[in-house]
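Numbering (my numbering), first residue to last: 1 to 293.
Right under this line is the structure:
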């Protein structure tokens, strides 16, 4: 009797598990399906606008006609500037909190504030950037101000992902390094960081995706319609998100009057995709290197 009861309970557990897995699988497929629908919509609407002239020419008629070359270049400038600023600071901050700082109220407070910083709307970062970088520090409406603002925006993502990557390294690697006479700095540089590189690059990928698509902060600080290319970090630039914003708000019927907007959106997605594929290649390279060692 008890054996039959146990079998019945096991069958019920397996049935429940199968239902749960089926729900999870369906939700995963739904998410992927939504992604492909969005991408397919943008590709179908924007592919007809793609041409060599569209990618290399200057915009005309207040960005509602012509090409998007300055916007592509400006977006790349902002991505590179923001990553150069935020990535080293975020990685070093995560190393300090995970490897050096004593576990206690201070570290918990820093983590809490980092999480809160990640939840602040991007437009608030834009207002902060105007107050600090544009007005107080006198950087003006420039690439430098935009890069610093976007760097602050992505800093929490880099800190949290790097910290989680460092936590994932087993302490036996650290203890083995210390046993061989290595210092703490040597252990971090030669043992912990190489193992953590693949997951740290994941944070970089997430930050690049957010930088490339942000519109609200750059509206106030760096993105304007300009007829010249930037020559220094103190110049203004055009950017694809701002370009798309102008196209989407300059008419009432975007389907008929502004088809170039879909082409701009497609180019922006392609840039993010290319950068992410490059970062993923780096991630696989470091992951394979760790496995070989």
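All residues carry an ideal CB built from backbone N, CA and C; glycine is no exception.
When DSSP builds the beta bridges, which residues end up paired with residue i?
| i | result |
| --- | --- |
| residue 59 | 66 |
| residue 237 | 223 |
Under 8 angstroms, do residue i and residue j count as touching if we go by C-beta distance?
| i | j | result |
| --- | --- | --- |
| residue 69 | residue 52 | no |
| residue 125 | residue 217 | yes |
| residue 279 | residue 205 | yes |
| residue 150 | residue 82 | yes |
| residue 104 | residue 221 | no |
| residue 238 | residue 248 | no |
| residue 380 | residue 91 | The question about residue 380 has no answer, for the chain in this structure spans 1 to 293. |
| residue 166 | residue 134 | no |
| residue 236 | residue 227 | no |
| residue 246 | residue 72 | no |
| residue 283 | residue 201 | yes |
My output table needs one value for residue i: the three-state DSSP class, helix, strand or coil.
| i | result |
| --- | --- |
| residue 101 | coil |
| residue 169 | coil |
| residue 223 | strand |
| residue 88 | helix |
| residue 182 | coil |
| residue 278 | helix |
| residue 214 | coil |
| residue 231 | coil |
Return the chain-ordered list of same chain residues with a C-beta closer than 8 angstroms to the C-beta of residue i, the five sequence neighbours on each side being excluded.
| i | result |
| --- | --- |
| residue 269 | 39, 42 |
| residue 87 | 158, 204, 207 |
| residue 128 | 149, 152 |
| residue 67 | 53, 54, 55, 56, 57, 58, 59 |
Please return the same chain residues whose Cβ sits closer than 7 angstroms to the Cβ of residue i, not counting the five positions on each side in sequence.
| i | result |
| --- | --- |
| residue 263 | 46, 49, 50, 54 |
| residue 175 | none |
| residue 142 | 222, 233, 234, 235, 236 |
| residue 122 | 153, 214, 216, 217 |
Identify, in the order they occur along the chain, each residue of the same chain with its Cβ nearer than 6 angstroms to the Cβ of residue i, setting aside the five sequence neighbours on each side.
| i | result |
| --- | --- |
| residue 28 | none |
| residue 155 | 86, 90 |
Say whether chain C places a C-beta atom closer than 8 angstroms to the C-beta of residue i.
| i | result |
| --- | --- |
| residue 60 | The question asks about chain C, but that chain is absent: this structure has only one protein chain. |
Alpha helix (DSSP H) runs contained entirely in the segment 90-150, provided each spans 4 or more residues: Segments of the alpha helix (DSSP H) lying fully in the segment 90-150: 105-118, 122-129.
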